[in-house]
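> Before anything else, here's the structure in question.
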Amino acid sequence: MDGKTVSNFTGKKLIKGEPDASSFPNGGLRETHMARGFTVWDPNSNPVVVKHDNGGTLYIPSVFLSWTGDVLDQKIPFLRSQEVLVREADRLFRIIGHPQTDLNVNCGIEQEFFLIQRDYYNRRPDLKLTGRTLFGCPAPKGQELHDQYFAEMSIKSLNFIHDVEIDLWKLGIPSTTRHREVAPGQYELAPLFGNSILATDQNLQSMDVLKKQGRRHELKALFHEKPFEYVNGSGKHNNWSMCSKETPTFLELGDHPEKNIPFIVSVAASIRAVDKYGDLLRACVTSASNDHRLGGNEAPPAIMSMYLGEDVSNALELFMKKRSMSRNLGDDNLSVVSSIPTINREGTDRNRTSPFAFTVNKFEFRAVGSNQSAARSNMVINTIMADSYRYIADDILHNRETLCLEDAIQKTVTDIVKKHNRIIFNGNGYSREWVSRAAELGLPNNVASPEAIKAWTDKKNIELFTSLGIMKSSEIHSRQSILWDQYNKDTMVEARTMRALCTERILPAVFRAQTQFSSSLSALSAALPSQNMAPQVTYVSYMSEEINKTILALNKLDNVIEHVKDLENEEVISYFCRDDVIPAMNDLRKHVDQLEQIVDYREWPLPNYAAMFFNQSWGVC
Numbered sequence: 013m014d015g016k017t018v019s020n021f022t023g024k025k026l027i028k029g030e031p032d033a034s035s036f037p038n039g040g041l042r043e044t045h046m047a048r049g050f051t052v053w054d055p056n057s058n059p060v061v062v063k064h065d066n067g068g069t070l071y072i073p074s075v076f077l078s079w080t081g082d083v084l085d086q087k088i089p090f091l092r093s094q095e096v097l098v099r100e101a102d103r104l105f106r107i108i109g110h111p112q113t114d115l116n117v118n119c120g121i122e123q124e125f126f127l128i129q130r131d132y133y134n135r136r137p138d139l140k141l142t143g144r145t146l147f148g149c150p151a152p153k154g155q156e157l158h159d160q161y162f163a164e165m166s167i168k169s170l171n172f173i174h175d176v177e178i179d180l181w182k183l184g185i186p187s188t189t190r191h192r193e194v195a196p197g198q199y200e201l202a203p204l205f206g207n208s209i210l211a212t213d214q215n216l217q218s219m220d221v222l223k224k225q226g227r228r229h230e231l232k233a234l235f236h237e238k239p240f241e242y243v244n245g246s247g248k249h250n251n252w253s254m255c256s257k258e259t260p261t262f263l264e265l266g267d268h269p270e271k272n273i274p275f276i277v278s279v280a281a282s283i284r285a286v287d288k289y290g291d292l293l294r295a296c297v298t299s300a301s302n303d304h305r306l307g308g309n310e311a312p313p314a315i316m317s318m319y320l321g322e323d324v325s326n327a328l329e330l331f332m333k334k335r336s337m338s339r340n341l342g343d344d345n346l347s348v349v350s351s352i353p354t355i356n357r358e359g360t361d362r363n364r365t366s367p368f369a370f371t372v373n374k375f376e377f378r379a380v381g382s383n384q385s386a387a388r389s390n391m392v393i394n395t396i397m398a399d400s401y402r403y404i405a406d407d408i409l410h411n412r413e414t415l416c417l418e419d420a421i422q423k424t425v426t427d428i429v430k431k432h433n434r435i436i437f438n439g440n441g442y443s444r445e446w447v448s449r450a451a452e453l454g455l456p457n458n459v460a461s462p463e464a465i466k467a468w469t470d471k472k473n474i475e476l477f478t479s480l481g482i483m484k485s486s487e488i489h490s491r492q493s494i495l496w497d498q499y500n501k502d503t504m505v506e507a508r509t510m511r512a513l514c515t516e517r518i519l520p521a522v523f524r525a526q527t528q529f530s531s532s533l534s535a536l537s538a539a540l541p542s543q544n545m546a547p548q549v550t551y552v553s554y555m556s557e558e559i560n561k562t563i564l565a566l567n568k569l570d571n572v573i574e575h576v577k578d579l580e581n582e583e584v585i586s587y588f589c590r591d592d593v594i595p596a597m598n599d600l601r602k603h604v605d606q607l608e609q610i611v612d613y614r615e616w617p618l619p620n621y622a623a624m625f626f627n628q629s630w631g632v633c
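Quick note: to get the working numbering, add 12 to the position in the sequence shown (first position is 1).
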């Protein structure tokens, strides 16, 4: 008022902020009367200025903790895990006589998503409220012809992807790969391989760019793991590896991988890590939405196994037997035709049915959901690998009391492979035989989130995080609580949305259609009294039966929704959601989808799958 400065702003204020630490999900670590929290600038990622119509916004990568020092975000454990992994790897490589400098953890995150016309999205309340279609019968054409994968993009989607890539390059995100995926309207975007901290942040930025460009192109990018039934869902493929100044990646086979000690011990470490902490790998990708995708012959099964392939398996076997390969892998080439240059056959095959698959020079963790941050899964991978590196280093030192270094390393690796080789599965992870075999081997198969989430507070997992200084026991329990709470709320939002859609839109439309059918039949009977109307009567009767079944299913869903209000414990609610709410939702959907196939598509209150997949406004599903 008097011309004096009301507020001063300096760059120093960007270093530390003070948001409310009780209003964010914290698993009970903070209450309303314990509100103070801090954000701190994370220099591991780059700040960016995101331009928009009214100027630009400065994005500062930050970590988030409470006034008491409790970790409230995913990034601090992620940063700690990377530091711990580098420390333990450095110690191990020095012990085995292969010291490294500038150790780093890398990853590349492939992002799958769906694109639909924004108009259809706006006319689907279930998509807007839950991220997926709660109703919808199969389109006449889905993905059964396998004609979408790597197929030609439409001009509209190509223009969209082109503008997305330009925006990404402006932000310093090197996006290099885009293509159509298996399902209609599904796409994949992939960046260059890089530092895992930066890559994880950039993946979240990429999702934001996809959303914003969608608005400009009258499209909607869908990141739900299963926005449409009957076709494949979407995930993130998290490609993980380690490197140093001397070694581009420790997971590079080379000409003679059986002689590559850093490679051998890293593979042994991964075998132990995945076997011992498979439950934790499953727990780090839990969500109500990802449950629809995992194990559906479109994503890896919920059973955590690992794929090594022929070359890596042979290298391990030869190392344990102190034998050498009879050939150089680098000389293994494929000749196609004389006019095409000879192709170097990359080390080992790929297995897209495996959750943790060796792929040329990295491990691909395929279980991460499309809508999830890769921070939690990378944190877990870093942590379990750090634990295995620590174990291997200690075991080698123990063996060195009686053996030479070479024999000590060999004994440690051999013992690990013999003890943990049950986790290695190179076959078809989608097969029923593997499910039976995995059960015989004692591998956990946590199909749904409620039982998967329990793994966070398993005694060995708490010991893992606390011993390495990643998280305190209270912070682990808080994350478990948050995951249960999120699962419950996501499920109940879906259930209430389904109830509202059915009551307010679908049943009124169906009743109108039933009235029209009945009136038409009566008029036809009066005009043509001699005609046999039995087929038409049967059709109307079938419709009436499905309406009755729908109403009964709706009443059942309404009852289970109301029953949830009587439950208090988060874990109990999650099992009730899994065992009662979701089956009631599935039953209601079954009957509504039957009605969709009867009612005139012009009268149906929701855009159908054919319209959303192929932009077709005709036909009955």
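Glycine residues also receive a C-beta, built at the ideal position from the N, C-alpha and C atoms.
Do the CB positions of residue 146 and residue 509 come within less than 8 Å of each other?
Along the sequence shown, read from residue 1 onward, the residue named residue 146 stands at position 134. Along the sequence shown, read from residue 1 onward, the residue named residue 509 stands at position 497. Closer than 8 Å, so yes.
> So what does residue 199 bridge to, in DSSP terms?
For the purposes of this step, residue 199 is identified with residue 187 of the sequence shown, where counting begins at 1. Partner(s): 125 and 192.
> At which residue ranges does the segment 286-349 contain complete alpha helix (DSSP H) runs of 4 or more residues, listed in the order of the chain?
For the segment 286-349, whole alpha helix (DSSP H) runs of length 4 or above, ordered along the chain, are 290-295 and 321-332.
> Taking Cβ positions, are residue 58 and residue 250 nearer each other than 8 Å?
Position 46 of the sequence shown, counted from the first residue, corresponds to residue 58. Position 238 of the sequence shown, counted from the first residue, corresponds to residue 250. For residue 58 and residue 250, no; Cβs fall outside 8 Å.
> Could you check which residue in 483, 127 and 89 has the C-alpha nearest to that of residue 233?
Position 221 of the sequence shown, counting from 1, holds the residue named residue 233. Nearest C-alpha to residue 233: 127.
> Around the Cβ of residue 69, are there at least 16 other Cβ atoms within 10 angstroms (buried) or fewer (exposed)?
The count along the sequence shown starts at 1 and reaches residue 69 at position 57. Exposed, since its Cβ has fewer than 16 Cβ neighbours within 10 Å.
> Drop a sphere of 10 angstroms on the beta-carbon of residue 451, count the other beta-carbons inside from all chains shown, and report buried for 16 or more, exposed for fewer.
Counting from 1 along the sequence shown, the entry for residue 451 is found at position 439. Burial call: exposed.
> Output yes or no for whether 8 Å exceeds the beta carbon distance between residue 405 and residue 104.
Along the sequence shown, one-based indexing puts residue 405 at 393. Along the sequence shown, one-based indexing puts residue 104 at 92. In contact: residue 405 and residue 104 (Cβ atoms closer than 8 Å).
> Would you check if there are 3 or more beta carbon pairs closer than 8 Å linking the segment 27-47 to the segment 459-479?
At 8 Å Cβ cutoff, the stretches do not touch.
> Quick one, are the C-beta atoms of residue 211 and residue 121 less than 8 Å apart?
If you number the sequence shown from 1, residue 211 lands on position 199. If you number the sequence shown from 1, residue 121 lands on position 109. Yes; because the gap between Cβ atoms is below 8 Å, this pair is in contact.
> Which whole-angstrom value is the C-beta distance of residue 280 and residue 61, which I expect to be below 8 Å?
For the purposes of this step, residue 280 is taken as residue 268 along the sequence shown, with counting starting at 1. For the purposes of this step, residue 61 is taken as residue 49 along the sequence shown, with counting starting at 1. Actually they are not in contact, since the Cβ atoms of residue 280 and residue 61 sit about 45 Å apart, beyond 8 Å.
> Just to confirm, is the Cβ distance from residue 229 to residue 171 under 8 Å?
Translated into positions along the sequence shown, residue 229 becomes position 217. Translated into positions along the sequence shown, residue 171 becomes position 159. Closer than 8 Å, so yes.
> Within the continuous beta strand (DSSP E) that includes residue 75, where are the two ends?
Locating residue 75 in the sequence shown gives position 63, counting from the first residue. Segment 74-78, the beta strand (DSSP E) holding residue 75.
> Among residues of its own chain, excluding the 5 on either side of residue 565, which ones have a beta-carbon nearer than 6 Å to its beta-carbon?
Within the sequence shown, the letter at position 553 stands for residue 565. So the list reads 599, 600 and 603, once near-sequence residues are dropped.
> Classify residue 132 as buried or exposed, calling it buried when 16 or more other Cβ atoms lie within 10 Å of its own Cβ.
For the purposes of this step, residue 132 is taken as the residue at position 120 of the sequence shown. Buried is the call here.
> One question on the structure: do residue 505 and residue 533 come within less than 8 Å of each other, judged by their Cβ atoms?
The residue you call residue 505 lines up with position 493 of the sequence shown. The residue you call residue 533 lines up with position 521 of the sequence shown. No, they are not a contact pair.
> Starting from residue 403, trace the alpha helix (DSSP H) both ways and give me its first and last residue.
For this step, residue 403 is matched to residue 391 along the sequence shown. Per DSSP, residue 403 belongs to the alpha helix (DSSP H) from 387-411.
> Since residue 429 is in the alpha helix (DSSP H), which residue starts that stretch and which ends it?
Here residue 429 refers to the residue found at position 417 of the sequence shown. First-last of the alpha helix (DSSP H) with residue 429: 417-432.
> CB residue 432 to CB residue 291, shorter than 8 Å?
Position 420 of the sequence shown, counting from 1, holds the residue named residue 432. Position 279 of the sequence shown, counting from 1, holds the residue named residue 291. Going by C-beta atoms, residue 432 is not nearer than 8 Å to residue 291.
> Report the rounded CA-to-CA distance for residue 190 versus residue 376, giving the unit in angstroms.
By one-based count along the sequence shown, residue 190 stands at place 178. By one-based count along the sequence shown, residue 376 stands at place 364. Looking at the two C-alpha atoms, the distance is approximately 18 Å.
> Determine the direct distance from the alpha carbon of residue 109 to that of residue 499, and round the result to whole angstroms.
Along the sequence shown, one-based indexing puts residue 499 at 487. Along the sequence shown, one-based indexing puts residue 109 at 97. Taking the straight line from one Cα to the other gives about 47 Å.
> Just curious, the alpha helix (DSSP H) that residue 226 is in, first and last residue?
The sequence position of residue 226 within the sequence shown is 214, counting from 1. Per DSSP, residue 226 belongs to the alpha helix (DSSP H) from 208-228.
> Count the CB pairs spanning the segment 381-396 and the segment 83-95 that are closer than 8 Å, and state whether there are at least three.
Cβ pair count under 8 Å is three or more, so yes.
> Measuring alpha carbon to alpha carbon, tell me which of 161, 183, 294 and 220 ends up nearest residue 200.
Position 188 of the sequence shown, counting from 1, holds the residue named residue 200. The residue with the shortest Cα to Cα distance from residue 200 is 161.
> Measure the beta-carbon distance from residue 503 to residue 416 and round it to whole angstroms, keeping in mind my assumption that it falls under 8 Å.
Translated into positions along the sequence shown, residue 503 becomes position 491. Translated into positions along the sequence shown, residue 416 becomes position 404. With a Cβ gap of about 58 Å, residue 503 and residue 416 do not count as contacting.
> In three-state terms, what does DSSP make of residue 633?
Numbered from 1 along the sequence shown, position 621 holds the residue referred to as residue 633. Low confidence applies to residue 633: its pLDDT is 33, below 50, so where it sits in the model is not reliable, and the reading given next is rough at best. In the structure shown, residue 633 sits in coil (DSSP, three-state: anything other than H, G, I, E or B).
> Look up residue 580 in the DSSP assignment and give the residues it is bridged to.
What you label residue 580 is simply residue 568 of the sequence shown in a count that begins at 1. DSSP lists no partner for residue 580.
> How is the alpha helix (DSSP H) around residue 373 delimited, first residue to last?
Reading the sequence shown from its first residue, position 361 is the one you call residue 373. Neither: residue 373 is in no alpha helix (DSSP H) and is coded neither H nor E.
> Output the boundary residues of the alpha helix (DSSP H) element that contains residue 509.
Counting from one through the sequence shown, the residue named residue 509 turns up at place 497. Looking at the DSSP string, the run of the alpha helix (DSSP H) that includes residue 509 is 485-513.
> For residue 143, I'd like the list of residues in its chain whose CB is within less than 6 Å of its CB, leaving aside the five on either flank, ordered along the chain.
Mapped onto the sequence shown, residue 143 falls at position 131. 236.
> Return helix, strand or coil for residue 23, following the three-state DSSP convention.
In the sequence shown, the residue the question calls residue 23 occupies position 11. It is helical.
> When we look at the beta-carbon of residue 304 and count the other beta-carbons within 10 Å, is it buried (16 or more) or exposed?
For the purposes of this step, residue 304 is identified with residue 292 of the sequence shown, where counting begins at 1. Its Cβ being crowded by 16 or more others within 10 Å, residue 304 is buried.
> With burial defined as no fewer than 16 other Cβ atoms inside 10 Å of the residue's Cβ, what is the status of residue 247: buried or exposed?
Sequence index remark: in the sequence shown, residue 247 carries index 235 (1-based). Label assigned to residue 247: buried.
> Run through DSSP, which three-state label would residue 368 get?
Here residue 368 refers to the residue found at position 356 when the sequence shown is read from its first residue. Residue 368 falls in the strand class under three-state DSSP.
> Count Cβ pairs between the segment 327-335 and the segment 482-492 that sit closer than 8 Å; are there 3 or more?
Touching, no, given that fewer than three Cβ pairs across the two stretches are closer than 8 Å.
> Cβ of residue 369 within 8 Å of Cβ of residue 297?
Here residue 369 is taken as the residue at index 357 of the sequence shown, counted from 1. Here residue 297 is taken as the residue at index 285 of the sequence shown, counted from 1. Contact flag unset, no.
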